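Notes for the one structure printed next.
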Amino acid sequence: MKKITKNFITGAALLVSVSAYAQNVKVEDVITPLADHSIQLTNYFDHDIHNSIDHWNKGVVPYDKLMDFYRVGRPKFALGEMWAKAIRSGSMLYAYTKDEELKQILKSSVEKVFGLVRSNGALACVPVEKQPDGKGGDLWERKYIMLGLSQYYAHVEEDPRVLKLMIAEANSILDQIGDAPKTSIRTQGWTRSGIESWSVMEPIMRVYKLTGDKKYLDFCTYLIKTGGCNGADIFQQAIDNVLPRKMAAGYPKAYEMLSVFEGLVEYYRCTGEEKWKTSFMNLFNNVKKYEITLIGNGGADEPYMRRWNGEAWDNTALEQSNPKIKRMMETCVGVTWMKLCSQILRITGEPSAVDYIEKYIYNGLIGAMKSGGDGFSYVNLLNGRKVTDSGWGTNIDGLPVTCCNLSGPMGLAYIPYVAVMQSAEGPVVNLYNAAKATAKTAKGRNVTFTIATEFPCDNRATITLDKVKKEAFAMKLHIPAWSQQTVVTVNGKTVEDVVAGQFLTINRTWKKGDKIEIVFDMRCKLIDAPRGSNPESWNYQAVQYGPIVLSRDENIDPDYNKPVQVVADANGEVKVTRVKPTLEKTRMEFIVPTTTGSIRMVDYSSVDCWKGKQICTWLPRLK
């Protein structure tokens with residue numbers, strides 16, 4: 000094996016940042032994450048991150064009992080993902096916080112898992128002699144094991160035993176899966192399309208970049224040639240612009256499809272074959288257009304998927320106000336969508352990727368988190384309840400442990416690494432949460448700056464350069480698509496050519512004390528419901544303040560679902576009044592005018608509807 004060198008990995012997870020081989024990558028990223036612990040958020044994002052760490056990742060997650068599935072097997076299929084997801088999110092959160100207590104919890108758990116390897120040196124819930132176990136989920140579970148170990152290796156400790164275990168895990172898959180006489184990948188899925196089995200490509204590509212061993216790249220070539228699912232070639236379907244809901248032979252399981260295409264991004268990085276870029280970019284653009292809702296997530300069970308086949312692409316953008324939907328926008332889908340958007344941003348610099356990350360973070364992601372930090376909702380409805388105690392998973396000593404409870408913290412961990420990033424020309428500011436960050440100039444020198452803001456509660460942000468040697472370099476600022484008339488000044492002088500939904504590049508010789516001031520166009524807009532397949536869904540409306548989706552909250556409004564007609568001008572603008580929140584944990588509350596009087600609406604993310612109270616985001620309109 001080649002010598003492992005310190006570098007940043009241009010890989011599938013946004014945060015994998017060590018031990019890569021530059022010679023194994025043919026397409027370099029145009030935007031990259033900062034080094035671990037190079038940004039410190041303030042305001043509520045930082046609060047949410049620490050809330051999750053203290054009341055979930057450190058205080059609640061039963062790491063030892065999740066490892067028991069590797070020791071004694073699992074009572075039902077696919078529970079082997081749980082420990083791995085906990086290690087993955089915990090490692091990514093540690094990269095941001097450097098929380099020593101969290102580090103010791105993670106180290107202790109990984110140390111114990113070394114004692115649970117099978118005779119082939121790998122982890123699994125299933126004995127080697129019974130692998131691969133077809134529809135039991137074994138192959139899919141081992142995917143998550145590699146993903147979890149890779150994040151630990153990247154961010155917590157470069158323990159050679161962890162790398163050895165990742166390699167053994169990959170080798171066990173290569174020994175078992177492939178062309179005859181091996182077992183075909185087509186036999187290993189537990190859904191009818193089997194798409195989830197192909198998602199093993201993502202971690203296998205990581206192992207390729209860590210080792211340089213071409214056999215791993217060849218295996219991923221095999222995965223691509225077999226089409227990505229049973230009954231269809233999803234990579235070619237994406238090239239042909241097939242709608243997401245019509246892909247994957249009838250069951251386009253949303254987050255698994257996204258995972259498969261993350262693997263394809265990695266394959267493209269290492270091969271440079273342009274048709275694969277066309278494939279994942281088409282998928283990205285079609286998901287944006289046809290599947291993503293107001294709150295930045297997608298996937299549902301109606302009208303095209305049966306209820307028990309939820310979590311699938313389902314024309315969700317068009318159907319999102321359909322009252323027949325009972326299962327919608329799994330947190331795992333949202334977090335994986337956020338990951339793919341991050342991939343697209345890194346490899347192409349596509350500005351819309353930031354818009355969709357922002358939409359999901361401010362609405363769907365933090366809206367899925369319990370106010371106490373102790374879990375994330377599985378089903379995220381726009382109208383209805385948020386729940387953590389239903390969905391795929393198990394119950395451990397009274398604690399509901401679902402895939403979404405363990406994926407949600409990973410979404411939080413992405414926030415600081417997306418907020419400020421790096422290009423060859425200089426820093427890239429994507430999100431305008433209050434923060435202090437250290438990036439690099441074009442010459443590789445450190446530049447430290449502060450973002451001062453109460454955004455999104457206020458429409459202003461100021462970026463002050465705190466530490467920098469006088470030097471010419473570029474500051475790139477993402478201008479949100481929703482802010483149509485953003486005003487940017489540098490030391491009081493207005494910057495021209497500020498375009499919504501694009502990056503603004505400011506080239507100048509910067510010095511300590513320079514200030515960039517940004518004023519966002521935080522209009523409140525009325526949005527008519529899309530015309531989906533069910534006419535009952537047409538007579539709804541929604542309200543959005545800047546990037547923030549508003550909802551009626553039954554906790555403060557007993558008429559939360561009563562029909563109303565929101566008053567808007569000819570441009571769809573709603574004149575709302577910001578008021579002090581009725582409830583302590585509500586972030587933003589507004590008086591919204593209607594034809595029959597005013598109503599109170601709050602940001603979707605704040606609504607506490609975990610214990611029977613409900614939320615109404617798509618407002619039924621007076622007939």
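Using numbering that gives the first Met the number 0, you'd call the opening residue of the sequence shown number 0 and step up by one each time.
All C-beta atoms, glycine included, are put in the ideal place defined by N, C-alpha and C.
Bear in mind the structure is a predicted one, so any value in this text is a computation, not a measurement.
- Beta-bridge partners of HIS477 (DSSP): PHE502.
- ASN458 is a Cβ neighbour of MET521, given a cutoff of 8 Å.
- A straight-line Cα-Cα distance of about 14 Å links TRP312 and GLY531.
- Contact check for CYS269 against LYS25 passes: the beta carbons are separated by less than 8 Å.
- Between SER320 and TYR539, the gap from beta carbon to beta carbon is short of 8 Å.
- The Cβ-Cβ distance between ARG185 and GLY249 does not fall below 8 Å.
- Here the C-alpha atom of TYR431 lies approximately 8 Å from the C-alpha atom of PRO455.
- ARG70 carries a helical assignment under DSSP once its states are collapsed to helix, strand and coil.
- For VAL417, the three-state secondary structure derived from DSSP is helix.
- Taking the CA atoms as reference points, ILE343 sits about 33 Å from LEU65.
- With 16 or more neighbouring CB atoms inside 10 Å of its own CB, ASN382 falls in the buried class.
- Going by DSSP, GLN130 is part of no beta strand (DSSP E) at all; its letter is neither H nor E.
- Listed in chain order, the beta strand (DSSP E) elements of length 3 or more contained wholly in the region 346-429 are 392-395, 398-401, 419-422 and 425-428.
- By DSSP's assignment, GLU470 forms a beta bridge with TRP509.
- Beta-bridge pairing by DSSP links VAL563 to ARG620.
- Look at PHE448 here: in three-state DSSP terms it is strand.
- Here HIS154 is buried. Its C-beta has 16 or more other C-beta atoms within 10 Å.
- Distance from SER88 to ASN56 at the Cβ level is roughly 7 Å; contact confirmed, criterion being Cβ atoms closer than 8 Å.
- The residues VAL601 and SER605, in chain order, have a CB closer than 6 Å to that of THR585 in the same chain once the five nearest residues on each side in sequence are set aside.
- Within the region 553-605, the complete beta strand (DSSP E) segments of 3 residues or longer fall at 576-578, 588-593 and 596-602, listed in chain order.
- About 6 Å separates the Cβ atoms of ILE614 and ASP552, confirming a contact at the 8 Å cut-off.
- Around the CB of LEU293, 16 or more other CB atoms lie within 10 Å, so the residue is classed as buried.
- ARG268 sits in a helix when the DSSP states are folded into three classes.
- In the three-state scheme derived from DSSP, where H, G and I count as helix and E and B as strand, GLU290 is classed as coil.
- ARG459 has VAL518 as its beta-bridge partners, per DSSP.
- By the Cβ test, the region 97-113 is not in contact with the region 419-434, since fewer than three Cβ pairs between them sit closer than 8 Å.
- In this chain, the beta strand (DSSP E) harbouring LYS439 covers 434-439.
- Residue burial annotation: VAL112 is buried, with at least 16 other C-beta atoms found within 10 angstroms of its C-beta.
- Of all alpha-carbon atoms in LEU549, GLY58, LYS524 and GLY500, the one lying nearest the alpha-carbon of GLY348 is that of GLY500.
- As for any alpha helix (DSSP H) of minimum length 4 sitting wholly inside the region 129-171, the runs are 137-154, ordered along the chain.
- Ranked by Cα distance from PHE68, the first of GLY58, VAL60, LEU525 and GLU80 is GLU80.
- As DSSP reads the structure, CYS523 sits in a beta bridge with TYR544.
- Contact between CYS403 and SER370 fails: their C-beta atoms lie close to 16 Å from each other, not under 8 Å.
- Bounds of any alpha helix (DSSP H) do not take in GLN39; it lies within the beta strand (DSSP E) bounded by 38-40.
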